[in-house]
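A.B. asks: Numbering (this note's numbering), first residue to last: 8 to 333. Beta carbons are placed, not taken as given, at the ideal position from N, Cα and C, and that holds for glycine. The model shown is predicted, which means the values in this text are computed figures rather than measured ones. Pasting a structure here, questions to come.
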């Protein structure tokens, strides 16, 4: 079985931003380079160092944890000197310029990837197209059931599921819930909106993956929200099984979480695809086989290969690799 992310250096991601920095503006744009943090965690550390609320930071997407990643972020009214004085382990900040608008989710052209795939015996076929599934990192440990509970307005269940996790967000929820044991909506509101939206998006993405798996059709398929017109029988049947209707994505108790929905291409294409030479995998020696039959000179049969490519926004490199090697 192939392996990726055996170490952060094996998975390099560089965001292709649409942001054009200027000399003046309310917002400071900076390059965030990180290792062993997802974007939300890295921003929390930067925010603490600058004594700024993490909610004030903007970014186009949440990048992988076990990786070395670069992306453009925004924060209001922070000088170049103040920004670049921040020293954090495995986090680097580079001032890019100013701008009039904050960076929002989706403000990117795509991502460039350079990935080392390990524990293999042969190179993959150079197929550029793949099913545009959301990757497993989208779902986390319990993001899907939490998202579903919020959509169903079962806020008590959502909070209890969160409390079963361990992390800084869950601590905030736990503290609020201890003081206000019946105000579950209030407990949810202690979390940054970016975090809460992750739960909603996880459930939408999970539905999308399941329906695509059943239909295998090319074209677009709805990412369900309150504005979705359900004219696909497979989608309609699956929503019925889940006990969900599009209008359930209107969340009056937390209006900012309401989601209109979208369309997503079922097929994605990896551009600028380059597959390197097979090399010995120093991390996975595997079984030893003779270099020449009946010879005592033995070598490892496990190999690694470097693959580089570019994907459009919202497509997952982990899915491209998975479908290339299985």
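Look at the alpha carbon of residue 208 and the alpha carbon of residue 154, and state the distance between them as a whole number of angstroms.
C.D. replies: 8 Å
A.B. asks: Does any residue of chain C bring its CB to less than 9 Å from the CB of residue 259?
C.D. replies: Judged by its chain identifiers, the structure shown contains no chain C, having just a single protein chain.
A.B. asks: Per DSSP, residue 123 forms a beta bridge with which residues?
C.D. replies: 313
A.B. asks: Who are the Cβ neighbours of residue 129 in its own chain at under 8 Å, not counting the five residues just before and after it?
C.D. replies: 285 and 310
A.B. asks: Just curious, the beta strand (DSSP E) that residue 101 is in, first and last residue?
C.D. replies: 98–106
A.B. asks: Under a Cβ-count criterion, where at least 16 other Cβ atoms within 10 Å of its own Cβ denotes burial, should residue 248 be classed as buried or exposed?
C.D. replies: exposed
A.B. asks: Quick check: the Cα distance between residue 261 and residue 200, rounded to an integer number of angstroms?
C.D. replies: 10 Å
A.B. asks: May I ask you to report which of helix, strand or coil DSSP gives residue 35?
C.D. replies: strand
A.B. asks: Less than 8 Å between C-beta atoms, sequence neighbours within five positions excluded: which residues of the same chain meet that for residue 28?
C.D. replies: 36, 103, 104, 105 and 106
A.B. asks: Measure the CB-CB distance between residue 136 and residue 276 and report whether it falls below 9 Å.
C.D. replies: Closer than 9 Å, so yes.
A.B. asks: Can residue 75 and residue 19 be called in contact, C-beta distance under 9 Å?
C.D. replies: yes
A.B. asks: In the DSSP assignment, the alpha helix (DSSP H) including residue 48 goes from what residue to what residue?
C.D. replies: 46–57
A.B. asks: With DSSP run on the structure shown, which of helix, strand or coil describes residue 151?
C.D. replies: Here residue 151 sits in helix by DSSP.
A.B. asks: In the structure shown, what three-state DSSP assignment does residue 279 receive?
C.D. replies: strand
A.B. asks: How many angstroms separate the CA atom of residue 49 from the CA atom of residue 193?
C.D. replies: Rounded to whole angstroms, residue 49 to residue 193 spans 26 Å at the Cα level.
A.B. asks: Can you give me the Cβ contacts of residue 187 inside the same chain, cut-off strictly under 6 Å, excluding the 5 residues immediately before and after it?
C.D. replies: 193
A.B. asks: Could you check if residue 243 is buried or exposed, using at least 16 other CB atoms within 10 Å of its CB as the buried criterion?
C.D. replies: exposed
A.B. asks: Looking at the strands, I want to know which residues DSSP matches up with residue 83.
C.D. replies: 34
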